[in-house]
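Undergrad: Residue numbers (the numbering used here): 5 to 126. Glycine is no exception: its CB is placed at the ideal position from the N, C-alpha and C atoms. Structure in structure tokens, see below.
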């Protein structure tokens with residue numbers, strides 16, 4: 005199995021998804037919306053899984069390093085996509101700059117952001 009992920013960073017990778025193989029010990033845990041850790045250009049990044057697929061045409065892939073136990077449900081993921089699309093950003097930049105992932109994930113009922121989720125920096 006393979007996962008297409010978007011890096012959670014202040015990146016400018018032009019909406020590019022990166023494909024990683026899913027290790028066998030994470031097969032039943034990782035799903036669309038999961039936050040994982042991956043190695044990208046010799047650095048460890050958090051990333052959000054946006055697609056899971058059975059096969060890929062790529063031959064040399066890195067594995068997902070860690071599953072963080074944080075997964076956005078479908079409603080929250082759709083809301084993130086809406087925020088990203090309406091601001092012409094990718095989801096990774098929105099999460100990196102605006103959202104406290106742990107606080108957002110703990111609130112299982114709300115699909116809206118409130119002040120406890122926002123990361124304010126001056």
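#1: Please classify residue 71: does DSSP put it in a helix, a strand, or coil?
#2: In three-state terms, what does DSSP make of residue 76?
#3: For a quick check, are the C-beta atoms of residue 52 and residue 99 less than 9 Å apart?
#4: Whole angstroms is fine: what's the gap from residue 54's alpha carbon to residue 104's?
#5: Here's a check: name, in chain order, each residue in its chain whose Cβ is nearer than 7 Å to the Cβ of residue 9, leaving out the five neighbours to either side.
#6: Under DSSP, the beta strand (DSSP E) around residue 56 begins and ends at which residues?
#7: Pick helix, strand or coil for residue 33, following the three-state DSSP scheme.
#8: Would you check if the distance between the CB atom of residue 29 and the CB atom of residue 96 is smaller than 9 Å?
#9: Per the DSSP calculation, residue 24 is bridged to which residue(s)?
#10: So for residue 97, helix, strand or coil by DSSP?
#11: According to DSSP, is residue 90 part of a helix, a strand, or is it coil?
#12: Report the residue from 33, 48 and 91 whose alpha carbon sits nearest the alpha carbon of residue 76.
TA: If we stick to the structure as given:
#1: As a working note, residue 71 is residue 67 in the chain shown. Here DSSP, grouped into helix, strand and coil, assigns residue 71 to strand.
#2: For the purposes of this step, residue 76 is taken as the residue at position 72 of the chain shown. Per DSSP, reduced to three states, the secondary structure at residue 76 is coil, with no helix or strand assignment.
#3: The residue you call residue 52 lines up with position 48 of the chain shown. The residue you call residue 99 lines up with position 95 of the chain shown. Result yes, Cβ atoms of residue 52 and residue 99 sit closer than 9 Å.
#4: Translated into the one-based positions of the chain shown, residue 54 becomes position 50. Translated into the one-based positions of the chain shown, residue 104 becomes position 100. Distance between the alpha carbons of residue 54 and residue 104: 19 Å.
#5: Taking the first residue of the chain shown as position 1, residue 9 is located at position 5. Beyond the five residues adjoining it in sequence on each side, residue 9 comes within less than 7 Å, by CB distance, of 21, 22, 24, 40, 42, 51, 52, 53 and 54 in the same chain, given in chain order.
#6: The count along the chain shown starts at 1 and reaches residue 56 at position 52. Residues 47-57.
#7: Within the chain shown, numbered from 1, the residue matching residue 33 stands at position 29. Coil.
#8: As a first step, residue 29 must be located in the chain shown, where it is residue number 25. As a first step, residue 96 must be located in the chain shown, where it is residue number 92. Against a cut-off of 9 Å, the Cβ pair of residue 96 and residue 29 comes out as no contact.
#9: Start at 1 with the first residue of the chain shown, and residue 24 comes out as number 20. Residue 24 is bridged to 7.
#10: Numbered from 1 along the chain shown, position 93 holds the residue referred to as residue 97. Here residue 97 sits in helix by DSSP.
#11: Your numbering for residue 90 matches position 86 in the chain shown. The answer is helix: DSSP assigns residue 90 an H, G or I state.
#12: Position 72 of the chain shown, counted from the start, is the residue given in the question as residue 76. Nearest of 33, 48 and 91 to residue 76, Cα basis: 33.
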